[in-house]
Each structure stands twice: as structure tokens, then as C-alpha cells.
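Asks:
Residue numbers (our numbering), protein chains in the order written: chain P, 711 to 945; chain H, 711 to 945.
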């Protein structure tokens, strides 16, 4: 049997693990002792939430996050090369989706290891499902520019794409800048365009609402410091 | 309490339900008696797989699928209007992602009902996770054109986008046409471009492999009638 790199989703926030964790994932995770994580503290906490008796002190935790370099990748796969299965744990949601980790998965792929993704939650895809927008064609843009003028020019271009191609346009922002992004959207986009705001997905206070820009202008939510996904659709 | 429309993911194929179903989803589903489904037979079978004692004969099943019309949508939400929670069940994977249902969700959104997506599997996103490609920016195109010349010209344009923007390009095909699509990809794309083929995700025979076009040409898999997701990346 070739060693396997499992890609292990995590809760989006403080929701109970049984809201997102299929029993199969739990069984797989309990067999692993070699993990690649963004932050050891939260990874240990997640493993303890899965099973209070998990032998965390027998586990090896290697770190891969936004501060890691391309040249660090290969060394992280040493346990695989020694024949051990490994788990790549995300901090929240799906590993490698709006999340570091893909350089590592690519290296594992190119070295011929088996890469096995496990099922789990993603605020992006749960937002897409619940938006009512086109789920047959869509683009995820990650973060828009921080500079206001550049951001608004980018929003104009996303709006144009949405009108011309009907692809749903999805993007995110650092939570403390959400209100500034919402200002830009309301100032820039046509009143008849639809905007879905998906905030605190799976959490207490989950809010996933689709309205026209005109309707959002009448009553706008306060999104400050609340994780959110934004989706635009020409309808 | 406002009535809730739950969006309920389903297994991608014959994998056991505990591979994809968090216990929370099961608890929610067991409370519902009003479902919107693509096909009643498979929906009943799924509910029985979740719980053999599920009171299927006490449930109302309304049909919404690719043969439904825009004017059918409103009538399907009658149970919500009467105050009942409802479940929108997909045939495989996430409702509304490469799947009908979004027209219905949009109507529920615009009528002001609460729409609650549940966590579950998606062959598209599991393929993206395991590809090793850019998961910070990506586009899902659904199906490419069936006509060979149009398909190849489309592939050229996706390849160009991938080189210029580094967005991962994701698309699917009807399983019996997978080999024709793979022919087109290998004939059209540059040898140095990366292609990930994700076939039978979560199933027996799962195959998720990333190689360059040049390497795929040396040994190509038979994808006939095997569900597959294709991903292109300039690297």
C-alpha cells in the first residue's frame, strides 16, 4: 500500500464537530500520527475535540502556513517517504481552498503519493448553495484589492462579467474590512444586481441573505469582524 | 420561528452514508417531512439509508429537476408558506452546485425564508483540494461544448486564462464522453500545462492524479462512464 496524504476539513468556527464531521473522517483521523498543520495549538485542540483520549503527545506536528517557503515543502513529506500516512489539517473549512496547503499537495501528487480528500464544510460553497445563484458556472476570486479605487474598479469588472457570462462572482474580505467592502459594493454596483451576503456560516448568528443592491441600500447589516462571503449575480 | 429551507447534500455514489453525513445532518433530516427532490425513488432510498425506520410514507415529496419550469418554482414552496420546514435534497453532492435547485433557493430567498445549507461532499471541491492547484482563485465552467472544434477552441481559451490569471480552471463532462474530452485536452493543451483528473471521487477506484499534459500522453487512463472532474493549471 502506498502511503496516503489525507486532506482533513475542520469546523468553520465554534460549531460542534458533529455538525461537520462524518464518522468516517473521525475513524481516519484516529489512525494518523503525522500531521501537517497551520498552527499546532488549534490543531491539538481540534484533535481533542474529536476524541478526548486522542494520543496527541505521540503525534508529530509539522507546520505549513502562509509564512512557509516553497523550499520547505519537500521536507514536510518525509513521513510519507518513510511509509506513514499523513493528515493535512486546515484551520477552518477545506484544506487548500482559500487556504494554504496546495503547494504541499502538488508536491505529494508529483511524487506519486495517493492524495485523499475527506468531505467537509466550506463557507464558500455553502454560501454558493444558499445564495440561489448559478451553481453551474462560478468564479471564486479570493480577496479583492485593498485600495478603494482599485477595489471599485474590480467590482465594476466583476459586475460586467456577471452580466455578460452569468457566472456567479464570489469573493471574500478580511473580517475587519467587510464594512468597507460592502460600502464599495453598494456604491459601485447597479441597483438591479443581486448580492448575497453569507456571514458566520454554520455559526451562531448565521446570516445568508440574497437581495438586490437597491434593497440592501435600504437596510445594511453590520459585518464588522464577522467572517463573510460575498456573491454577485446579474440574476 | 420562520420556516427553514434546509439544503441537504447526498453521497456522491455508493459510499456508505457515514463517509459524508455528519450526525447533525442526520438529526435535521429526521425532523423533516416535506422534501423537494430530483427523483422520488433515489430520495426515498437515501432517507432509508440514513435511517431504516424513517417514516417515508408520511412524507411529502415534490419534484424539481432539469425538466421543471420557472413557473413551477413558486408552488413547490407551499409547505414553507404553511409553516413547515423543508429539505431540498440533491441526487449527488451539494444541492445547487452543478445541480438544479438554485431557482428554487432564489425564490425562497426573495420570499424571505431562512435558507440553511448543510455540510457535505462535492466532487468538484474535493477534486480542487486534492489537485494541488490554486485554491485561492478558481473558475468552475460546468460542461464544455460538445462539438469537437468548439470544445478545443474553448480549451485553448481556458489554457490562456490559466497562464494569464493563474486561476484554476475546472470543468466536467457527461461520463460517456470523458474519453473524447481527454483526447481534446491532450491534443490541444501545451505539454507543460498541468492537468488533474479526479475520477470516482469517494468511490471504489477513486483516482485523483495531477500530471503535466506531456506525462498524461505517455499513459492515459480509460475514463469511459466514470464520473470525472477535470482541472487545468499553468502551474
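Heads up, the beta-carbon is just placed ideally off N, CA and C, and yes, glycines get one too. Just so you know, these numbers come straight off a predicted model, no measurement behind them.
Would you give the residue range spanned by the alpha helix (DSSP H) that residue 891 of chain H belongs to?
Replies: From DSSP, the alpha helix (DSSP H) with residue 891 of chain H extends over 888–898.
Asks: Within this structure, are the beta carbons of residue 935 of chain P and residue 910 of chain P separated by less than 8 Å?
Replies: Cβ atoms of residue 935 of chain P and residue 910 of chain P: not closer than 8 Å.
Asks: Measuring straight from C-alpha to C-alpha, what distance separates residue 872 of chain H and residue 879 of chain H?
Replies: Their backbone Cα atoms lie some 7 Å apart in a straight line.
Asks: Tell me which same chain residues have a C-beta within less than 7 Å of the C-beta of residue 944 of chain P, skipping the five on either side of it?
Replies: Answer for residue 944 of chain P: 872, 873, 876, 903, listed in chain order.
Asks: Of all the alpha helix (DSSP H) runs that stay within the bounds of the region 728–780 of chain H, which reach a length of 4 or more residues?
Replies: Listed in chain order, the complete alpha helix (DSSP H) runs (minimum 4 residues) inside the region 728–780 of chain H are 733–741, 750–760.
Asks: Between which two residues does the alpha helix (DSSP H) harbouring residue 832 of chain H extend?
Replies: Counting along the chain, residue 832 of chain H falls outside any alpha helix (DSSP H), and DSSP gives it neither H nor E.
Asks: Just curious, the alpha helix (DSSP H) that residue 813 of chain P is in, first and last residue?
Replies: Per DSSP, residue 813 of chain P belongs to the alpha helix (DSSP H) from 812–820.
Asks: Residue 936 of chain H lies in the alpha helix (DSSP H); which residues open and close that run?
Replies: Taken as a continuous stretch (DSSP letters only), residue 936 of chain H belongs to no alpha helix (DSSP H), as it is neither H nor E.
Asks: Say whether the region 812–822 of chain P touches the region 816–827 of chain H, bearing in mind that this needs 3 or more beta-carbon pairs closer than 8 Å, one atom from each stretch.
Replies: Touching, no, given that fewer than three Cβ pairs across the two stretches are closer than 8 Å.
Asks: Strictly by DSSP, which residues pair up with residue 794 of chain H?
Replies: Looking at the DSSP assignment, residue 794 of chain H forms no beta bridge with any residue, so it has no partner.
Asks: For the structure I just gave you, are there three or more beta carbon pairs, one from the region 826–833 of chain P and one from the region 785–805 of chain P, closer than 8 Å?
Replies: Short answer: they touch.
Asks: If we cut at 8 Å on Cβ distances, does residue 913 of chain P have a partner in chain H?
Replies: No - not a single Cβ of chain H is within 8 Å of the one on residue 913 of chain P.
Asks: With 16 as the cutoff for other CB atoms within 10 Å, does residue 711 of chain H come out buried or exposed?
Replies: Under this definition residue 711 of chain H is an exposed residue.
Asks: Are at least three pairs of beta-carbons, each pair with one atom in the region 847–862 of chain H and one in the region 920–935 of chain H, less than 8 Å apart?
Replies: These segments do not touch.
Asks: Just to confirm, is the Cβ distance from residue 835 of chain P to residue 807 of chain H under 8 Å?
Replies: Yes, the pair counts as a contact, with Cβ atoms nearer than the cut-off.
Asks: Under DSSP, the beta strand (DSSP E) around residue 866 of chain H begins and ends at which residues?
Replies: Counting along the chain, residue 866 of chain H falls outside any beta strand (DSSP E), though it belongs to the alpha helix (DSSP H) covering 858–875.
Asks: Buried or exposed: residue 775 of chain P, going by 16 or more other Cβ atoms within 10 Å of its Cβ?
Replies: Residue 775 of chain P comes out exposed.
Asks: Using the beta-carbon of each residue, which ones in chain P are nearer than 9 Å to residue 884 of chain H?
Replies: Under the 9 Å cutoff, chain P gives no residues; its nearest Cβ is about 14 Å from residue 884 of chain H.
Asks: Name the residues in the region 773–805 of chain P whose C-beta lies less than 8 Å from a C-beta of chain H; which are they?
Replies: Those residues of the region 773–805 of chain P that come within reach of chain H (Cβ to Cβ, closer than 8 Å) are 804, 805.
Asks: Helix, strand or coil, according to DSSP, for residue 838 of chain H in the structure here?
Replies: Residue 838 of chain H: helix per DSSP, three-state reduction.
Asks: What does the Cβ neighbour count give for residue 901 of chain H, buried or exposed, with the cut at 16 atoms within 10 Å?
Replies: Exposed: under 16 other Cβ atoms inside 10 Å.
Asks: Which residue from H:733, H:842, H:914, H:723 puts its Cα closest to that of residue 809 of chain P?
Replies: The option with the nearest alpha carbon to residue 809 of chain P is H:842.
Asks: How about residue 946 of chain P: is its C-beta nearer than 8 Å to some C-beta of chain H?
Replies: Because chain P here runs from 711 to 945, residue 946 of chain P falls outside it and cannot be looked at.
Asks: Please report whether the beta-carbon of residue 819 of chain H lies at a distance below 8 Å from any beta-carbon of chain P.
Replies: So yes, residue 819 of chain H belongs to the interface.
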